[in-house]
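Reviewing the structure listed below.
Number of protein chains: 2
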Amino acid sequence: MPGSEPLLDFWFDPASSYSYLSAMRIESLAREAGVTLRWRAFLLGPIFRAQGWENSPFNQQPAKLRYMWRDLERICAARGVPFQRPSRLPRDSVLAARIACHCREAHWLPDFVRAVYRANFAEDRDIGQAAVLADCLEAAGQVSDVIMPEATSAAARPGLRAATTEAMELGIFGAPSFLVGGELFWGDDRLEQALDWALANQA
Amino acid sequence: MPGSEPLLDFWFDPASSYSYLSAMRIESLAREAGVTLRWRAFLLGPIFRAQGWENSPFNQQPAKLRYMWRDLERICAARGVPFQRPSRLPRDSVLAARIACHCREAHWLPDFVRAVYRANFAEDRDIGQAAVLADCLEAAGQVSDVIMPEATSAAARPGLRAATTEAMELGIFGAPSFLVGGELFWGDDRLEQALDWALANQA
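This is the structure in structure tokens:
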């Protein structure tokens, strides 16, 4: 019976490297587990800036940044997920997140989000560019000239801001984050644990 | 044939919360896998300070710190490992690391290190105190009046400094870290992957 399934909120920023790992596998894992998934786009930038950081914390630690790319490379290789080290991190994800936030209920949303992550982390394309996102919309079977103006309209814009505020209020400080009831799980390596928690603690 | 086994270096700081998780399971996991383990104590403090930080990065992010305790709590509960949120993080780990570094070849070293982690993260004791470390040495079957003066002598002190410099040169930026050949793995959640790597890439 749909609706009685346990629920998991997947909070992601299209610029977040480790969210790529989760985006590529979360839908099939949640389906297998019988957990309903909500795709929740938000922006890490305002959360980092609220902590006094200009930018991704990775860019403050060269050793950690080097490690992160190697870690991603190894994990993608082990999972058979394509990976190409992007020439820039983080990329401007505002437009991508706006579309993902506005269209969060659309059946094609997961396809779009995966196309965005692939563009960023497997094809080294600049997801800050509308033309790249238009390709991602087309890849999800959508007409970008229809979706894009609507998702970026003045009426739609406060949605992403509200989502980011909500994320901050939920205690989210990084991505990917998974929220199950009041329990927060951070990092692709906690995805299985979050799904288990959803199953073990369902109402 | 001993000596032909693949090798894994376990880099830990006694003050590091997530290293507690690894310290409690790494010896049995490595034994099962047939991987030779080297316990490498070092200090995170100088590495953090080289990045311009006063202290643990967790203390710069209240949301992340809150999450970290909850995450540890959940993982310890799932693994049946005792956990009590320490009243202070990080604790002064210089003395504990000095002993662990000086006695790294001793057969009782893993028992001592586990006792230190238990004191810090299961009993909320101050591992900066010599009396607490004396208890940890006794728990490992050693006479602290013999070990302590030797491990903290002027002759022994440069050892820990050299280990910390070596860690930094290896690209280590946090703990626990696992080094297998030139491959760095960071975080308790990468321990299985590091062991697999050691087995798959042995000479």
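Heads up: the sequence lines are chains V and E, in that order.
Counted from 1, the first sequence has number 140 at position 140 by my numbering; the numbering is strictly sequential.
With positions in the second sequence counted from 1, the corresponding number in my numbering is that position plus 1000.
We treat Cβ as the ideally placed atom computed from N, Cα and C, and that holds for glycine.
Small disclaimer: the values here were computed from a predicted structure and weren't measured.
Identified DSSP bridge partners for residue i
{"i": "E:V1180", "result": "E:E1183"}
{"i": "V:L37", "result": "V:L8"}
Counted within 10 angstroms of its Cβ, other Cβ atoms place residue i as buried (16 or more) or exposed
{"i": "V:F6", "result": "Reading the sequence as shown, one finds Pro at residue 6 of chain V and not Phe. Looking at its Cβ environment, which holds 16 or more other Cβ atoms inside 10 Å, V:P6 is buried."}
{"i": "E:A1023", "result": "buried"}
{"i": "V:P46", "result": "exposed"}
{"i": "V:Q51", "result": "exposed"}
{"i": "V:R49", "result": "exposed"}
{"i": "E:H1107", "result": "exposed"}
{"i": "V:P14", "result": "buried"}
{"i": "E:G1141", "result": "exposed"}
{"i": "E:D1071", "result": "buried"}
{"i": "V:R85", "result": "exposed"}
{"i": "V:S209", "result": "Because chain V here runs from 1 to 203, residue 209 of chain V falls outside it and cannot be looked at."}
{"i": "E:D1145", "result": "exposed"}
{"i": "E:D1124", "result": "exposed"}
{"i": "E:S1087", "result": "exposed"}
{"i": "E:P1090", "result": "buried"}
{"i": "E:G1174", "result": "buried"}
{"i": "E:N1055", "result": "exposed"}
{"i": "V:V116", "result": "buried"}
{"i": "V:A30", "result": "buried"}
{"i": "E:A1041", "result": "buried"}
{"i": "E:P1176", "result": "buried"}
{"i": "V:V180", "result": "buried"}
{"i": "V:N120", "result": "buried"}
{"i": "V:S93", "result": "buried"}
{"i": "E:A1194", "result": "buried"}
Chain V residues whose Cβ lies nearer than 9 Å to that of residue i
{"i": "E:Q1202", "result": "Under the 9 Å cutoff, chain V gives no residues; its nearest Cβ is about 17 Å from E:Q1202."}
Chain V contact for residue i (CB, 7 Å cutoff)
{"i": "E:D1188", "result": "no"}
{"i": "E:G1182", "result": "no"}
Contacts of residue i in chain E (Cβ-Cβ under 8 Å)
{"i": "V:L179", "result": "Per Cβ cutoff of 8 Å: no residues; V:L179 is ~12 Å from chain E at best."}
{"i": "V:Y67", "result": "G1171, F1173, L1184 and W1186"}
Interface partners of residue i on chain V, CB under 8 Å
{"i": "E:Q1060", "result": "Q51"}
Min CB distance residue i to chain E below 7 Å
{"i": "V:G171", "result": "yes"}
{"i": "V:A41", "result": "no"}
{"i": "V:M1", "result": "In this prediction, V:M1 scores a pLDDT of 44, lower than 50, which makes its location untrustworthy; the coordinate-derived value is nonetheless stated afterwards. So no, V:M1 is outside the interface."}
{"i": "V:S56", "result": "no"}
{"i": "V:T152", "result": "no"}
Partner residues on chain E for residue i, Cβ-Cβ distance less than 7 Å
{"i": "V:A63", "result": "G1171 and F1173"}
Cutoff 7 Å: residue i Cβ touching any chain C Cβ
{"i": "E:E1192", "result": "No chain C is part of this structure, whose protein chains are labelled V and E."}
For this session: Please go through the stretch 1018-1099 of chain E and give each complete alpha helix (DSSP H) segment of 4 or more residues, from N-terminal end onward.
Result: 1026-1033, 1045-1050 and 1062-1079
For this session: Can you check the stretch 1102-1144 of chain E for any alpha helix (DSSP H) of at least 4 residues that lies completely inside it and give the ranges in chain order?
Result: 1109-1121 and 1130-1139
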